[in-house]
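Participant:
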Amino acid sequence: MAITSHDVARLAGVSQPTVSRALRDDRRVSAATREKVRKAAQALNYVPSEAGRTLSTRSTRRIGVIVTDLTNPFYPHVIAPLHDELQALGYRMMLLTERSDEAVAEEKLLDQSLDGVVLATATTDSALPAQLDRRGMPYVFLNRETGRRGDYASVVDNEGGGRLVARTLAELGHRRIAGIFGAANTTTGRDRELGFRLALADAGIGLPEDRVARGAFEYETGYEALPRLLDAAETPTAVFCGNDVVAIGALNAALAAGVRVPDDLTVIGFDDLPMASWEVFRLTTVRHDLRELSRQAARLLVRRIDGDADPDGERLVLPTEFVPRATHARHP
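Residues 2 to 333 (this note's numbering) make up the sequence shown, in order.
Listed below in structure tokens is the structure:
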């Protein structure tokens, strides 16, 4: 016969509700009583019922993570530390994958099976955050956000990172500069381009549209865009890519076209994924702490679930740094 919380209560000499509260580490129960209940539970090999806990606390201890682009090598490097941090905080992670935020079925998010949601691939025009707000579902943005005031987000200083690249290129003597940026409806694409353009303007360097491409943060975007940029009226000597995956696509396109990197063309990425440092690429890029990006998102969401987050929103921004490797050079 299965051991129940009533058996633990009899052995510990307390009431059954006290057992439930003690095993949830409820601070209304004294430390001595919590310890006594834990020892009784261990002696009986009692495992609390997750279903019963959910009914009593209205908490499932489950967090949903929405990712609409599992083919992108960026996301495994943020999902793994997110999982580990949520686990350390006492939550289980559920990965929800669809082609767009709007394709995420409401019943997956809003049927009280989740305590909160991490939005990892949000776009500025997504309707999902407003849906979650209406239902009172706590959520945070990871990496991308909507740009609204009052959001809860763990992000990178994308504008600052773009400025770093532009200043470096200007110092290296480049004047014919191109950009392969992310989609305009992503804050990562928009803000990296904005910082890059502003710093170029400060240096007196223009960025005409015939030296600009935009697209998804995918290998194909870099591979397909670079040949067109190389056919511009003035061939660029440097290209800034929206992320490392796009940059690797540009590197392969340059190789296919017989363009030498970095002798003929400087290529710079963003994110510093582990693959960027591989000897086959040795990609010059912009680094930020991928693991901390995820960890602080997990902590922020749990604080929001617990009611401890700033009611006016919190935006946690990680700094960036320039990482010189082998794909950049001074323009002669």
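All C-beta atoms in this analysis are idealised placements derived from N, C-alpha and C, irrespective of residue type, glycine included. Nothing here was measured: the structure is a model prediction, and the numbers come from that model.
According to DSSP, which residues form a beta bridge with P315?
Facilitator: As a first step, residue 315 must be located in the sequence shown, where it is residue number 314. Checking the displayed sequence, the identity of residue 315 turns out to be Glu instead of Pro. DSSP output for E315 lists Y153 as bridge partner(s).
Participant: Between A251 and Y224, which are expected to be in contact by the criterion C-beta below 8 Å, what is the C-beta distance as a whole number of angstroms?
Facilitator: Sequence index remark: in the sequence shown, residue 251 carries index 250 (1-based). Sequence index remark: in the sequence shown, residue 224 carries index 223 (1-based). So it is a contact: roughly 7 Å between Cβ atoms.
Participant: At 4 residues or longer, what runs of the alpha helix (DSSP H) sit wholly inside the segment 216 to 241?
Facilitator: 220 to 231
Participant: Quick check: the segment 300 to 313 against the segment 272 to 287, are there 3 or more CB pairs under 8 Å?
Facilitator: Proximity of the segment 300 to 313 to the segment 272 to 287 falls short of the contact definition, fewer than three beta-carbon pairs being nearer than 8 Å.
Participant: Rounding to the nearest angstrom, what Cα-Cα distance links S155 and V15 in this structure?
Facilitator: Within the sequence shown, residue 155 is the residue found at index 154, counting from 1. Within the sequence shown, residue 15 is the residue found at index 14, counting from 1. Going by the C-alpha atoms only, they are around 43 Å apart.
Participant: For the alpha helix (DSSP H) that T188 lies in, which residues bound it at each end?
Facilitator: The sequence position of residue 188 within the sequence shown is 187, counting from 1. Where T188 is concerned, the enclosing alpha helix (DSSP H) stretches over 188 to 203.
Participant: Looking at A214 and H175, is the spacing between their C-beta atoms short of 9 Å?
Facilitator: In the sequence shown, residue 175 corresponds to position 174, counting from 1. In the sequence shown, residue 214 corresponds to position 213, counting from 1. No. Outside cutoff.
Participant: Any chance the segment 261 to 275 sits against the segment 294 to 307, with 3 or more Cβ pairs inside 8 Å?
Facilitator: No, the segment 261 to 275 does not touch the segment 294 to 307.
Participant: Restricting to Cα atoms, I'd like to know which of V324, P263, L302, P237 is closest to P275.
Facilitator: In the sequence shown, counting from the first residue as 1, residue 275 sits at position 274. Residue V324 is the option with its Cα nearest to P275.
Participant: Which partner residues of A65 appear in the DSSP bridge assignment?
Facilitator: Within the sequence shown, the letter at position 64 stands for residue 65. Just to set this straight, residue 65 is Gly in the shown sequence, not Ala. Looking at the DSSP assignment, G65 forms a beta bridge with M95, V118.
Participant: When DSSP builds the beta bridges, which residues end up paired with A214?
Facilitator: Taking the sequence shown and counting its residues from 1, the one referred to as residue 214 is at position 213. Beta-bridge pairing links A214 to I181.
Participant: Can you tell me the Cα-Cα spacing of T328 and E221, whole angstroms?
Facilitator: For the purposes of this step, residue 328 is taken as the residue at position 327 of the sequence shown. For the purposes of this step, residue 221 is taken as the residue at position 220 of the sequence shown. Taking the straight line joining both Cα atoms gives about 19 Å.
Participant: Does DSSP put V287 in a helix, a strand or coil?
Facilitator: Translated into positions along the sequence shown, residue 287 becomes position 286. Looking at V287 - three-state DSSP - the assignment turns out to be strand.
Participant: Does the separation of the CB atoms of N186 and T125 fall below 9 Å?
Facilitator: On the sequence shown, position 185 is the one that residue 186 refers to. On the sequence shown, position 124 is the one that residue 125 refers to. It is a contact, given that the beta carbons lie within the stated cut-off.
Participant: In terms of residue numbering, what span does the beta strand (DSSP E) encompassing I269 cover?
Facilitator: Walking along the sequence shown from the start, residue 269 turns up at place 268. Element bounds for I269: 267 to 269.
Participant: In whole angstroms, what is the alpha-carbon distance linking G148 and G180?
Facilitator: Counting from one through the sequence shown, the residue named residue 148 turns up at place 147. Counting from one through the sequence shown, the residue named residue 180 turns up at place 179. Cα-Cα distance, rounded: 22 Å.
Participant: Which value, in whole angstroms, describes the spacing of the CA atoms of D203 and G196?
Facilitator: Position 202 of the sequence shown, counting from 1, holds the residue named residue 203. Position 195 of the sequence shown, counting from 1, holds the residue named residue 196. Answer to the nearest angstrom: the Cα atoms are 11 Å apart.
Participant: For D70, I'd like the list of residues in its chain whose CB is within less than 6 Å of its CB, leaving aside the five on either flank, ordered along the chain.
Facilitator: Translated into the one-based positions of the sequence shown, residue 70 becomes position 69. Excluding residues within five positions, the ones whose Cβ falls inside 6 Å are T122.
Participant: Does the beta carbon of V246 fall short of 8 Å from some heavy atom of the ligand MN?
Facilitator: This structure lacks the ligand MN; in fact it carries no ligand of any kind.
Participant: For G190, which residues in the same chain have their Cβ closer than 8 Å to its Cβ, ignoring the five residues on either side in sequence?
Facilitator: By one-based count along the sequence shown, residue 190 stands at place 189. Once the five neighbours on either side are set aside, the close Cβ partners of G190 are F182, G183, A184, R215, F218, G243.
Participant: Measure from the alpha carbon of R63 to the alpha carbon of each residue in L231, A89, V247, T5, then state which is nearest.
Facilitator: Position 62 of the sequence shown, counting from 1, holds the residue named residue 63. Comparing Cα-Cα distances from R63 to each of L231, A89, V247, T5, the minimum goes to A89.
Participant: Rounded to whole angstroms, what's the CA-CA distance from L1 to E210? Just pull it up for me.
Facilitator: Outside the shown range of the chain (2 to 333) lies residue 1, about which nothing can therefore be said.
Participant: Would a C-beta distance cut-off of 9 Å place V246 and F75 closer than the cut-off?
Facilitator: Reading the sequence shown from its first residue, position 245 is the one you call residue 246. Reading the sequence shown from its first residue, position 74 is the one you call residue 75. The Cβ-Cβ distance between V246 and F75 falls below 9 Å.
Participant: Under the three-state reduction of DSSP, which class applies to V30: helix, strand or coil?
Facilitator: By 1-based counting over the sequence shown, the position of residue 30 is 29. In the structure shown, V30 sits in coil (DSSP, three-state: anything other than H, G, I, E or B).
Participant: Hey, how far is the Cα of Q17 from the Cα of G162?
Facilitator: The count along the sequence shown starts at 1 and reaches residue 17 at position 16. The count along the sequence shown starts at 1 and reaches residue 162 at position 161. Rounded to the nearest angstrom, the two C-alpha atoms are 56 Å apart.
Participant: In three-state DSSP terms, what is V79?
Facilitator: Residue numbering aside, residue 79 sits at position 78 when the sequence shown is read from its first letter. Here V79 sits in helix by DSSP.
Participant: What does DSSP give as the partner residues of E86 in its beta bridges?
Facilitator: Here residue 86 is taken as the residue at index 85 of the sequence shown, counted from 1. In DSSP, E86 forms no bridge with anything.
Participant: Check whether the Cβ atoms of R316 and E146 sit closer than 9 Å, and answer yes or no.
Facilitator: As a position in the sequence shown, residue 316 is number 315, starting the count at 1. As a position in the sequence shown, residue 146 is number 145, starting the count at 1. Contact flag set, yes.
Participant: Per DSSP, what kind of secondary structure is L143 in: helix, strand or coil?
Facilitator: Position 142 of the sequence shown, counting from 1, holds the residue named residue 143. The answer is strand: DSSP assigns L143 an E or B state.
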